[in-house]
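For reference, the structure discussed in these notes is given below.
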Amino acid sequence: MLAQLIVSGVAVGCVYALIALGMTILFRSTTIVNFCHGEFFMLGAFAVLVPLQTLGWGYGWSLLFSLCLLFAVGMAVERGLMRPLQHAPHISLAMMTVALSYLFKGIARFFYGREVVALPPLMAGDPVFFGDVVLAPQDMLIMGVVLVVVAASFVFFQRTELGKVVEAASETPRGASLSGINVPLLRNLMWGAGAAMGALAGILIAPNTLVYPDMGGHMLVRGFAAMTLGGFGSLPGAVVGGITLGVVENLAGGYVSSALVEITAYVVIIIVLLIRPQGLLGNWRRDRG
(Lines of atoms letter the chains of each structure in order from A and count residues from 1; the text may use other names and numbers.)
(Lines give C-alpha, C1' and ligand atoms only; values in the text may rest on other atoms or scores of the structure.)
Protein backbone atom coordinates (compact mmCIF):
# COMPACT_ATOMS: atom_id res chain seq x y z
CA MET A 1 0.00 0.00 0.00
CA LEU A 2 2.82 2.41 0.86
CA ALA A 3 4.52 1.99 -2.52
CA GLN A 4 1.22 2.49 -4.36
CA LEU A 5 0.43 5.66 -2.41
CA ILE A 6 3.89 7.08 -3.09
CA VAL A 7 3.80 6.33 -6.84
CA SER A 8 0.27 7.72 -7.19
CA GLY A 9 1.36 10.76 -5.18
CA VAL A 10 4.29 11.31 -7.54
CA ALA A 11 1.92 11.23 -10.54
CA VAL A 12 -0.39 13.85 -8.98
CA GLY A 13 2.60 15.79 -7.68
CA CYS A 14 3.97 16.06 -11.21
CA VAL A 15 0.87 18.06 -12.16
CA TYR A 16 1.34 20.27 -9.09
CA ALA A 17 4.97 20.71 -10.15
CA LEU A 18 3.90 21.74 -13.66
CA ILE A 19 1.49 24.33 -12.24
CA ALA A 20 4.14 25.64 -9.84
CA LEU A 21 6.70 25.69 -12.65
CA GLY A 22 4.46 27.87 -14.84
CA MET A 23 3.90 30.27 -11.95
CA THR A 24 7.61 30.30 -11.10
CA ILE A 25 8.67 31.03 -14.68
CA LEU A 26 6.32 34.01 -14.73
CA PHE A 27 7.50 35.14 -11.29
CA ARG A 28 11.17 34.92 -12.30
CA SER A 29 10.63 36.85 -15.52
CA THR A 30 8.15 39.50 -14.33
CA THR A 31 8.23 39.37 -10.47
CA ILE A 32 4.43 39.03 -10.57
CA VAL A 33 2.53 36.43 -8.53
CA ASN A 34 -0.27 35.36 -10.88
CA PHE A 35 -3.52 34.62 -9.06
CA CYS A 36 -5.34 33.74 -12.29
CA HIS A 37 -3.00 30.87 -13.15
CA GLY A 38 -5.63 28.40 -11.94
CA GLU A 39 -8.01 29.77 -14.56
CA PHE A 40 -5.40 29.25 -17.28
CA PHE A 41 -5.40 25.64 -16.03
CA MET A 42 -9.20 25.48 -16.28
CA LEU A 43 -9.43 27.21 -19.67
CA GLY A 44 -6.84 24.85 -21.10
CA ALA A 45 -9.01 21.85 -20.24
CA PHE A 46 -12.14 23.49 -21.67
CA ALA A 47 -10.26 24.52 -24.82
CA VAL A 48 -9.63 20.81 -25.49
CA LEU A 49 -13.12 19.68 -24.46
CA VAL A 50 -15.08 22.08 -26.69
CA PRO A 51 -13.43 21.17 -30.03
CA LEU A 52 -13.64 17.48 -29.14
CA GLN A 53 -17.34 17.53 -28.29
CA THR A 54 -18.79 20.23 -30.53
CA LEU A 55 -16.48 20.45 -33.54
CA GLY A 56 -15.51 16.80 -33.85
CA TRP A 57 -11.78 17.50 -33.88
CA GLY A 58 -9.25 14.84 -32.98
CA TYR A 59 -7.34 14.94 -29.71
CA GLY A 60 -4.11 16.10 -31.32
CA TRP A 61 -5.63 19.13 -33.02
CA SER A 62 -7.68 20.00 -29.94
CA LEU A 63 -4.58 19.87 -27.74
CA LEU A 64 -2.61 22.05 -30.15
CA PHE A 65 -5.52 24.51 -30.33
CA SER A 66 -5.72 24.70 -26.53
CA LEU A 67 -2.02 25.41 -26.07
CA CYS A 68 -1.94 28.03 -28.84
CA LEU A 69 -5.13 29.68 -27.57
CA LEU A 70 -3.88 29.95 -23.99
CA PHE A 71 -0.51 31.21 -25.20
CA ALA A 72 -2.40 33.97 -27.03
CA VAL A 73 -4.62 34.63 -23.98
CA GLY A 74 -1.57 34.99 -21.77
CA MET A 75 0.02 37.45 -24.19
CA ALA A 76 -3.24 39.42 -24.49
CA VAL A 77 -3.59 39.64 -20.70
CA GLU A 78 -0.07 41.03 -20.38
CA ARG A 79 -0.42 43.47 -23.27
CA GLY A 80 -3.90 44.79 -22.55
CA LEU A 81 -4.21 44.60 -18.76
CA MET A 82 -0.86 44.15 -17.03
CA ARG A 83 1.40 46.41 -19.09
CA PRO A 84 -0.64 49.57 -18.38
CA LEU A 85 -0.04 48.87 -14.68
CA GLN A 86 3.68 48.17 -14.97
CA HIS A 87 4.58 51.24 -12.86
CA ALA A 88 1.79 50.70 -10.33
CA PRO A 89 2.40 49.11 -6.90
CA HIS A 90 2.65 45.31 -6.87
CA ILE A 91 -0.64 45.08 -4.98
CA SER A 92 -2.39 46.62 -8.03
CA LEU A 93 -0.89 43.96 -10.29
CA ALA A 94 -1.91 41.23 -7.86
CA MET A 95 -5.47 42.55 -7.63
CA MET A 96 -5.70 42.64 -11.43
CA THR A 97 -4.85 38.93 -11.58
CA VAL A 98 -7.46 38.24 -8.88
CA ALA A 99 -10.07 40.13 -10.91
CA LEU A 100 -9.10 38.16 -14.03
CA SER A 101 -9.47 34.93 -12.10
CA TYR A 102 -13.10 35.72 -11.28
CA LEU A 103 -13.73 37.02 -14.80
CA PHE A 104 -12.52 33.83 -16.49
CA LYS A 105 -14.38 31.70 -13.97
CA GLY A 106 -17.56 33.69 -14.59
CA ILE A 107 -17.25 33.24 -18.36
CA ALA A 108 -16.90 29.47 -17.94
CA ARG A 109 -19.91 29.37 -15.60
CA PHE A 110 -21.98 31.39 -18.10
CA PHE A 111 -21.60 28.65 -20.70
CA TYR A 112 -21.37 25.54 -18.50
CA GLY A 113 -22.95 26.56 -15.18
CA ARG A 114 -21.70 24.13 -12.57
CA GLU A 115 -21.81 21.20 -14.97
CA VAL A 116 -19.08 18.59 -14.56
CA VAL A 117 -17.89 17.13 -17.86
CA ALA A 118 -15.66 14.13 -18.50
CA LEU A 119 -12.61 14.46 -20.74
CA PRO A 120 -11.32 11.26 -22.37
CA PRO A 121 -7.81 10.21 -21.32
CA LEU A 122 -4.98 11.18 -23.61
CA MET A 123 -3.57 7.67 -23.31
CA ALA A 124 -6.02 4.83 -22.89
CA GLY A 125 -5.20 1.20 -22.22
CA ASP A 126 -4.83 -1.36 -19.48
CA PRO A 127 -3.01 -0.49 -16.25
CA VAL A 128 0.65 -1.44 -16.01
CA PHE A 129 1.78 -3.52 -13.02
CA PHE A 130 5.17 -3.10 -11.35
CA GLY A 131 4.98 -5.74 -8.66
CA ASP A 132 2.27 -4.53 -6.29
CA VAL A 133 2.22 -1.05 -7.82
CA VAL A 134 -0.38 -0.24 -10.47
CA LEU A 135 0.06 2.68 -12.87
CA ALA A 136 -2.57 3.90 -15.33
CA PRO A 137 -1.28 4.85 -18.80
CA GLN A 138 -2.52 8.42 -18.20
CA ASP A 139 -0.36 8.68 -15.05
CA MET A 140 2.66 7.43 -16.96
CA LEU A 141 2.00 10.03 -19.65
CA ILE A 142 1.74 12.78 -17.02
CA MET A 143 5.11 11.88 -15.50
CA GLY A 144 6.77 11.63 -18.91
CA VAL A 145 5.45 14.97 -20.16
CA VAL A 146 6.35 16.76 -16.94
CA LEU A 147 9.87 15.33 -17.09
CA VAL A 148 10.31 16.72 -20.62
CA VAL A 149 8.87 20.16 -19.67
CA VAL A 150 11.02 20.38 -16.55
CA ALA A 151 14.17 19.47 -18.49
CA ALA A 152 13.34 22.00 -21.22
CA SER A 153 12.75 24.74 -18.64
CA PHE A 154 16.09 24.10 -16.93
CA VAL A 155 17.94 24.08 -20.24
CA PHE A 156 16.21 27.31 -21.30
CA PHE A 157 17.07 29.29 -18.17
CA GLN A 158 20.48 27.78 -17.43
CA ARG A 159 21.98 27.04 -20.85
CA THR A 160 20.52 29.47 -23.38
CA GLU A 161 21.33 33.13 -23.94
CA LEU A 162 17.64 34.00 -24.22
CA GLY A 163 16.91 32.44 -20.84
CA LYS A 164 19.70 34.42 -19.23
CA VAL A 165 18.46 37.59 -20.93
CA VAL A 166 14.94 36.99 -19.57
CA GLU A 167 16.27 36.68 -16.01
CA ALA A 168 18.51 39.72 -16.39
CA ALA A 169 15.61 41.75 -17.76
CA SER A 170 13.44 40.82 -14.76
CA GLU A 171 16.12 41.87 -12.25
CA THR A 172 17.15 45.15 -13.92
CA PRO A 173 14.57 46.04 -16.57
CA ARG A 174 15.87 49.61 -17.03
CA GLY A 175 19.44 48.41 -17.53
CA ALA A 176 18.24 45.73 -19.93
CA SER A 177 16.29 48.32 -21.94
CA LEU A 178 19.35 50.56 -22.14
CA SER A 179 21.29 47.56 -23.49
CA GLY A 180 18.84 47.25 -26.38
CA ILE A 181 16.76 44.38 -24.98
CA ASN A 182 13.04 44.49 -25.76
CA VAL A 183 11.84 43.95 -22.19
CA PRO A 184 8.09 44.35 -22.94
CA LEU A 185 8.29 41.67 -25.64
CA LEU A 186 10.08 39.26 -23.30
CA ARG A 187 7.47 39.79 -20.60
CA ASN A 188 4.72 39.27 -23.16
CA LEU A 189 6.22 35.97 -24.29
CA MET A 190 6.69 34.78 -20.70
CA TRP A 191 3.03 35.48 -19.94
CA GLY A 192 2.12 33.41 -22.97
CA ALA A 193 4.46 30.59 -21.95
CA GLY A 194 3.13 30.60 -18.38
CA ALA A 195 -0.49 30.43 -19.58
CA ALA A 196 0.32 27.59 -22.00
CA MET A 197 2.06 25.67 -19.22
CA GLY A 198 -1.00 26.08 -17.01
CA ALA A 199 -3.18 24.84 -19.87
CA LEU A 200 -0.95 21.78 -20.34
CA ALA A 201 -1.35 20.90 -16.66
CA GLY A 202 -5.13 21.20 -17.00
CA ILE A 203 -5.18 18.97 -20.06
CA LEU A 204 -3.09 16.29 -18.35
CA ILE A 205 -5.08 16.07 -15.12
CA ALA A 206 -8.61 16.73 -16.49
CA PRO A 207 -9.31 13.06 -17.39
CA ASN A 208 -8.72 12.18 -13.71
CA THR A 209 -10.51 15.13 -12.07
CA LEU A 210 -13.23 15.98 -14.66
CA VAL A 211 -13.72 19.44 -16.18
CA TYR A 212 -15.74 22.16 -14.45
CA PRO A 213 -15.46 25.96 -14.06
CA ASP A 214 -14.13 25.88 -10.48
CA MET A 215 -11.40 23.31 -11.07
CA GLY A 216 -8.67 25.95 -11.28
CA GLY A 217 -9.10 27.28 -7.74
CA HIS A 218 -8.15 23.99 -6.12
CA MET A 219 -5.06 23.64 -8.27
CA LEU A 220 -3.98 27.25 -7.73
CA VAL A 221 -3.74 26.62 -3.98
CA ARG A 222 -1.67 23.52 -4.59
CA GLY A 223 0.58 25.42 -6.99
CA PHE A 224 1.18 28.08 -4.33
CA ALA A 225 1.82 25.42 -1.72
CA ALA A 226 4.37 23.75 -4.01
CA MET A 227 6.09 27.10 -4.66
CA THR A 228 6.12 27.92 -0.95
CA LEU A 229 7.51 24.52 -0.05
CA GLY A 230 10.17 24.53 -2.77
CA GLY A 231 11.02 28.23 -2.56
CA PHE A 232 9.57 31.13 -4.56
CA GLY A 233 11.50 31.74 -7.77
CA SER A 234 13.31 28.40 -7.66
CA LEU A 235 12.75 26.11 -10.64
CA PRO A 236 14.09 23.02 -8.83
CA GLY A 237 12.05 24.08 -5.81
CA ALA A 238 8.83 24.16 -7.85
CA VAL A 239 9.43 20.58 -9.00
CA VAL A 240 10.51 19.25 -5.59
CA GLY A 241 7.69 21.10 -3.85
CA GLY A 242 5.02 19.83 -6.24
CA ILE A 243 6.07 16.17 -6.07
CA THR A 244 6.55 16.31 -2.29
CA LEU A 245 3.10 17.85 -1.84
CA GLY A 246 1.50 15.15 -3.99
CA VAL A 247 3.13 12.36 -1.98
CA VAL A 248 2.28 13.96 1.38
CA GLU A 249 -1.37 14.40 0.32
CA ASN A 250 -1.65 10.76 -0.71
CA LEU A 251 0.01 9.44 2.45
CA ALA A 252 -2.17 11.63 4.68
CA GLY A 253 -5.30 10.55 2.84
CA GLY A 254 -4.33 6.88 2.82
CA TYR A 255 -3.11 6.46 6.40
CA VAL A 256 -5.02 9.11 8.35
CA SER A 257 -8.18 10.40 6.68
CA SER A 258 -9.27 11.26 3.16
CA ALA A 259 -10.54 14.57 4.56
CA LEU A 260 -6.91 15.64 5.05
CA VAL A 261 -6.31 15.69 1.29
CA GLU A 262 -8.27 18.93 0.95
CA ILE A 263 -6.38 20.77 3.70
CA THR A 264 -2.86 19.39 3.24
CA ALA A 265 -1.82 22.26 0.93
CA TYR A 266 -2.93 24.87 3.48
CA VAL A 267 -1.15 23.08 6.31
CA VAL A 268 2.04 22.89 4.22
CA ILE A 269 1.92 26.64 3.52
CA ILE A 270 1.47 27.46 7.23
CA ILE A 271 4.23 25.13 8.43
CA VAL A 272 6.76 26.23 5.81
CA LEU A 273 6.13 29.94 6.44
CA LEU A 274 6.62 29.42 10.17
CA ILE A 275 9.68 27.15 10.03
CA ARG A 276 11.51 27.94 6.78
CA PRO A 277 9.97 30.90 4.92
CA GLN A 278 12.46 30.66 2.07
CA GLY A 279 11.34 27.10 1.30
CA LEU A 280 13.48 24.03 0.75
CA LEU A 281 15.55 25.39 -2.14
CA GLY A 282 14.86 29.13 -2.04
CA ASN A 283 17.13 31.94 -0.94
CA TRP A 284 16.42 33.94 2.20
CA ARG A 285 15.50 37.55 1.51
CA ARG A 286 14.46 39.88 4.31
CA ASP A 287 12.37 42.68 2.78
CA ARG A 288 10.60 43.90 5.90
CA GLY A 289 12.14 45.43 9.00
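Here the sequence shown is numbered in the UniProt record's numbering, starting from 1 and rising by one per residue. Ideal placement from N, C-alpha and C gives every residue a C-beta, glycine not left out. In this text the structure is predicted, and so the values were computed from the model without any measurement.
Between T30 and N182, what straight-line distance do the alpha-carbon atoms span, to the nearest angstrom? The straight-line gap from Cα to Cα measures roughly 13 Å.
Let me know if G223 comes out buried or exposed under the rule of 16 or more other beta-carbons within 10 Å of its beta-carbon. It is buried - the Cβ of G223 has at least 16 other Cβ atoms within 10 Å.
List the endpoints of the continuous beta strand (DSSP E) containing F130. 128-130
Grouping DSSP H, G and I as helix and E and B as strand, with all else coil, what is V50? helix
L103 beta carbon less than 8 Å from that of M96: no
Leaving out five residues before and five after I142 in sequence, what residues of the same chain have Cβ atoms less than 8 Å from its Cβ? A11, C14, V15, L204, I205
DSSP state of L274 mapped onto helix, strand, coil: helix
Report, in whole angstroms, the separation of the C-beta atoms of A88 and V33, which I expect to be a contact under 8 Å. The Cβ separation is near 15 Å, so there is no contact.
Have a look at G74 and S153 and give me their C-alpha separation to the nearest angstrom. 18 Å
L200, enclosing alpha helix (DSSP H) - first and last residue: 183-209
Provide the residue span of the alpha helix (DSSP H) that contains V15, from first to last. 2-30
Please classify F40 as buried or exposed, where buried requires at least 16 other C-beta atoms within 10 Å of its C-beta. buried
Under 8 Å between the Cβ atoms of G231 and Q278? yes
Determine which residues share a DSSP beta bridge with V98 and list them. Its beta-bridge partners do not exist; DSSP assigns none.
What is the DSSP secondary structure of L135, counted as helix, strand or coil? strand
V128 burial status per 10 Å Cβ neighbour count (16 or more: buried): exposed
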